[in-house]
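Visitor: First the structure, then my questions, so here it is.
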Amino acid sequence: MGATQTRSEHKYQDLVEKTGFSLEQITNLHKRFQHLSGNEETISKESLESIPALANNPIKKQIIGAFFDKRNQHQDEAGSFEEIGFEQFLMVMSHFRPPSLKTTEEEKEAMRKEKLRFLFNMHDTDNDGTITLAEYRTVVEELLSKSGAIGQEAAKAIADAAMLEVASTNVPHMAPDEFYEGITFEHFEQILKGLEMESRMHIRFLDMDTTTMRCGKSKS
137 MGATQTRSEH KYQDLVEKTG FSLEQITNLH KRFQHLSGNE ETISKESLES IPALANNPIK
197 KQIIGAFFDK RNQHQDEAGS FEEIGFEQFL MVMSHFRPPS LKTTEEEKEA MRKEKLRFLF
257 NMHDTDNDGT ITLAEYRTVV EELLSKSGAI GQEAAKAIAD AAMLEVASTN VPHMAPDEFY
317 EGITFEHFEQ ILKGLEMESR MHIRFLDMDT TTMRCGKSKS
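Residues 137 to 356 (the numbering used here) are what the sequence shown spells out, left to right.
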């Protein structure tokens, strides 16, 4: 038993350094990965489609897509994977890791920026570095119209108005005939400035034990 545990720790040590997760957290996530993959070495988008907690999420498609987006692998590469292995799965999950008591202010800021970049990538579906009106409209329409409380046309109008407000904030002196290309990452950072990210980016939708994982908002 001891020898098996030692081999497992050695196997995951590199992932500890890459992701910031502890050995215990990585072991727990590996169990969840095996469950989702049916004990296969890779998982597909269909594997994540089966997660019950995601069934009625209006941005389910974007959440699942984020796991297969190469931009979320901490490297400068665009495109999508057809399937991902455990290490790639874990690299995406690391975006949800909250700071610890030992995390420095500089490290916290880097983690916050990483989380913001992850969210930005979810909206910037064509990977051109800008969230266009069409991309923003799609997300808003899905969030509002699928709730059943508002129609698609009304959702579209809200998205258009919201984008105009963002444009007036980020480009206050834009001429009437100018076209606002969309939200850049710098604009995105400003829009979400001051927003506490830790409680808004968690892994509860994976049905993990957030007390063990310490990746969700704590409950009192």
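Glycine included, every Cβ here is placed at the ideal spot set by N, Cα and C. Every value quoted in this text rests on a predicted model; they were computed, and no experiment measured them.
1. For K196, which of A297, E278 and A290 has the nearest alpha-carbon?
2. Taking the C-alpha atoms as reference points, what is the distance between K154 and M227?
3. My output table needs one value for L151: the three-state DSSP class, helix, strand or coil.
4. In the DSSP assignment, the beta strand (DSSP E) including T239 goes from what residue to what residue?
5. By the DSSP assignment, the beta strand (DSSP E) with G221 in it spans what residues?
6. CB-CB under 7 Å to L328, same chain, minus the five flanking residues each way: which ones, in chain order?
7. For D262, which three-state DSSP category applies?
8. Applying the 10 Å Cβ sphere with the 16-neighbour rule, what's the burial state of G318?
9. Pairs of beta-carbons, one from the stretch 165 to 181 and one from the stretch 208 to 225, closer than 8 Å: are there three or more?
10. Going straight from the alpha carbon of G352 to that of R248, what length do you get?
11. Let's see if you can read the secondary structure: which residues bound the beta strand (DSSP E) around S183?
12. Starting from T163, trace the alpha helix (DSSP H) both ways and give me its first and last residue.
13. Taking a contact to mean a Cβ-Cβ separation below 8 Å, would you say N193 touches I199 in this structure?
14. I'd like to know whether the C-beta atoms of F203 and F256 end up nearer to each other than 8 Å.
15. For E322, report the span of its alpha helix (DSSP H) as first-last.
16. Could you give the DSSP three-state label for D296: helix, strand or coil?
17. Under 6 Å Cβ to Cβ from M299, same chain only, skipping five residues before and after it: list those, please.
18. Among the residues of its own chain, which have a CB less than 8 Å from the CB of L151, if the five just before and after it don't count?
19. What is the DSSP secondary structure of I195, reduced to helix, strand or coil?
20. Using the DSSP secondary-structure output, state which residues sit across from I267 in a beta bridge.
21. Report buried or exposed for S183, applying the criterion of at least 16 other Cβ atoms within 10 angstroms of its Cβ.
Guide: The short version:
1. E278
2. 8 Å
3. helix
4. Neither: T239 is in no beta strand (DSSP E) and is coded neither H nor E.
5. E219 to G221
6. L252
7. coil
8. buried
9. yes
10. Residue placement at G352 cannot be trusted, given a pLDDT of 35 that sits under 50; the coordinates are not used to answer.
11. No beta strand (DSSP E) holds S183; the alpha helix (DSSP H) holding it covers K181 to E185.
12. L159 to S173
13. yes
14. no
15. F321 to I327
16. helix
17. L269 and Y272
18. F157, I162, E223 and L226
19. coil
20. I319
21. buried
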